[in-house]
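Participant: Residue numbering for the sequence shown follows this note's numbering, beginning at 823 and increasing consecutively. For every residue, glycine included, the Cβ atom is placed at its ideal position computed from N, Cα and C.
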Amino acid sequence: MLYLCLSVLASSLIFVVFKLFDRFKVETLYAIVTNYVVACLVGLLFYTGDVPYSEIARKPWFWGTLALGLLFIVVFNLIAATAQRIGVSVASVATKMSLVIPVVFGMVVYGEELGIGKQIGILLALAAVYFASIKGKSIRVRRPSLLLPLGVFLGSGIIDTSIKYIQEVYIHENEYPLFSATVFGAAALTGILFAIGKSRHTPLRMDVRNILGGVALGIPNYFSIYFLLKALQNDTLNSASIFTINNVAIVMFSTLLGIVLFKEEISGKNWFGIGLAVISILLVALF
């Protein structure tokens, strides 16, 4: 449970850093690219063995990391587009509701069994994510705009599912830092190519604020993945339980951090969602 708690803490800090970007006028795209470079370097730093650069491409998980790196950038841009065109609440709900995909994958592929308590807990978790995320009016999305949150939902779910599958089948525990570093390195390369492509319309600009923002984001970003990989080794909880607790706890904890650090206003629906989150976590963890 310690690694799961650390993963939740690291993931929640990512939202805090994103919130601070507006305050310090950090340009998100450049900070994101820097963040992936930093996360890659942190992974290489924490890898205890010799880094076999020439052998990385021969690792059975190598091509999976390239695909994940590309997905990280694509999903990030989908989240940004969803938040800007439809609303932050829709983006948040679509991201966290994606926990359904790895849960179903675990049941189908690994034959993970879910007792009635865990089934109720997962259903409450979905409701908790919705109520804890909505701000003001209820979420309403027009049909033509559904493709954006659908892309976020599928992309986020595929990322979590792929991480679980690769962790289960291909990675040795001592390779977690190297695997994470390679994923972030692939995301950094994809992000750099994306930024270069965008520079045709908008000149590239890098300043100290963007670099510092990327450093502040990259460190918790790396550990959110590293600790999730460690948590997935849990002998007591299956992957369905871990992804449920992880996603719901992130929503709950990041909401509480918003209250404490940024004096965000929380509605009755949000408090109801937080309450459901606590109940769902208890059900999934105890049964």
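Between Gly-977 and Leu-893, which are expected to be in contact by the criterion C-beta below 8 Å, what is the C-beta distance as a whole number of angstroms?
Facilitator: By 1-based counting over the sequence shown, the position of residue 977 is 155. By 1-based counting over the sequence shown, the position of residue 893 is 71. Right, the Cβ-Cβ distance comes to about 6 Å (below 8 Å), so this counts as a contact.
Participant: At the level of alpha carbons, what is the spacing between Val-991 and Ile-878?
Facilitator: Looking up residue 991 in the sequence shown gives position 169. Looking up residue 878 in the sequence shown gives position 56. Val-991 and Ile-878 have their alpha carbons spaced roughly 17 Å apart.
Participant: Relative to the C-alpha of Phe-953, which residue among Leu-1079, Gly-1040, Val-1073 and Ile-942 is closest?
Facilitator: Here residue 953 refers to the residue found at position 131 when the sequence shown is read from its first residue. Checking every option, the nearest Cα to that of Phe-953 belongs to Val-1073.
Participant: Run the CB neighbour count on Thr-870, radius 10 Å, all protein chains shown included, and call it buried at 16 or more, exposed below.
Facilitator: Working through the sequence shown from its first residue, we reach residue 870 at position 48. It counts as exposed.
Participant: Of the residues Leu-948, Gln-1055, Thr-1004 and Leu-1059, which one's Cα is nearest the Cα of Phe-868?
Facilitator: As a position in the sequence shown, residue 868 is number 46, starting the count at 1. Checking every option, the nearest Cα to that of Phe-868 belongs to Thr-1004.
Participant: Hey, how far is the Cα of Thr-1124 from the Cα of Ala-1017?
Facilitator: Outside the shown range of the chain, which is 823 to 1109, sits residue 1124, and nothing can be said about it.
Participant: Anyone know if the C-beta pair for Ile-1103 and Gly-979 falls short of 9 Å?
Facilitator: Walking along the sequence shown from the start, residue 1103 turns up at place 281. Walking along the sequence shown from the start, residue 979 turns up at place 157. Contact: no.
Participant: What are the boundary residues of the alpha helix (DSSP H) that includes Val-830?
Facilitator: Your numbering for residue 830 matches position 8 in the sequence shown. 824–845 is the extent of the alpha helix (DSSP H) around Val-830.
Participant: Run the CB neighbour count on Asp-1029, radius 10 Å, all protein chains shown included, and call it buried at 16 or more, exposed below.
Facilitator: As a working mapping, residue 1029 is identified with position 207 in the sequence shown. Per the 10 Å Cβ criterion, exposed.
Participant: For the alpha helix (DSSP H) containing Val-1112, list its first residue and its last residue.
Facilitator: Within the shown structure, residues of the chain are numbered from 823 to 1109, placing residue 1112 beyond reach of any answer.
Participant: With distance defined between alpha-carbon atoms, name the residue in Ala-832, Leu-824, Met-823 and Leu-826 nearest to Ser-1076.
Facilitator: Along the sequence shown, read from residue 1 onward, the residue named residue 1076 stands at position 254. Nearest C-alpha to Ser-1076: Ala-832.
Participant: Rounded to whole angstroms, what's the CA-CA distance from Thr-917 to Ser-829? Just pull it up for me.
Facilitator: Position 95 of the sequence shown, counted from the start, is the residue given in the question as residue 917. Position 7 of the sequence shown, counted from the start, is the residue given in the question as residue 829. Distance between the alpha carbons of Thr-917 and Ser-829: 16 Å.
Participant: Within its chain, find whatever has a CB closer than 7 Å to the CB of Phe-1001; leave out the 5 residues flanking it on each side and keep chain order.
Facilitator: For the purposes of this step, residue 1001 is identified with residue 179 of the sequence shown, where counting begins at 1. These residues qualify, in order along the chain: Trp-883, Thr-887 and Ile-993.
Participant: Compute the distance between the beta-carbons of Val-1070 and Leu-945, then report whether it is under 9 Å.
Facilitator: Translated into positions along the sequence shown, residue 1070 becomes position 248. Translated into positions along the sequence shown, residue 945 becomes position 123. Going by C-beta atoms, Val-1070 is not nearer than 9 Å to Leu-945.
Participant: Rounded to a whole number of angstroms, what is the C-alpha to C-alpha distance between Leu-1098 and Ser-834?
Facilitator: Within the sequence shown, residue 1098 is the residue found at index 276, counting from 1. Within the sequence shown, residue 834 is the residue found at index 12, counting from 1. Approximately 19 Å, taken between the alpha carbons.
Participant: Out of curiosity, what's the CA-to-CA distance linking Leu-1026 and Ala-947?
Facilitator: By one-based count along the sequence shown, residue 1026 stands at place 204. By one-based count along the sequence shown, residue 947 stands at place 125. Here the alpha carbon of Leu-1026 sits roughly 42 Å from the alpha carbon of Ala-947.
Participant: What's the gap between the Cα of Ser-955 and the Cα of Ser-1021?
Facilitator: Taking the sequence shown and counting its residues from 1, one reaches residue 955 at position 133. Taking the sequence shown and counting its residues from 1, one reaches residue 1021 at position 199. Cα to Cα, Ser-955 sits roughly 34 Å from Ser-1021.
Participant: At what residue ranges does the region 985–1009 contain a whole run of the beta strand (DSSP E), taking only runs of 3 or more?
Facilitator: none
Participant: Straight-line CA distance for Lys-1085 to Val-839?
Facilitator: What you label residue 1085 is simply residue 263 of the sequence shown in a count that begins at 1. What you label residue 839 is simply residue 17 of the sequence shown in a count that begins at 1. In a straight line, the C-alpha of Lys-1085 is about 15 Å away from that of Val-839.
Participant: For a test of the three-state rule: what should DSSP assign to Ser-876, helix, strand or coil?
Facilitator: Start at 1 with the first residue of the sequence shown, and residue 876 comes out as number 54. In the structure shown, Ser-876 sits in a helix (DSSP, three-state: H, G or I).
Participant: Mind listing, in chain order, the continuous alpha helix (DSSP H) runs of no fewer than 4 residues lying wholly within the region 878–907?
Facilitator: 884–907
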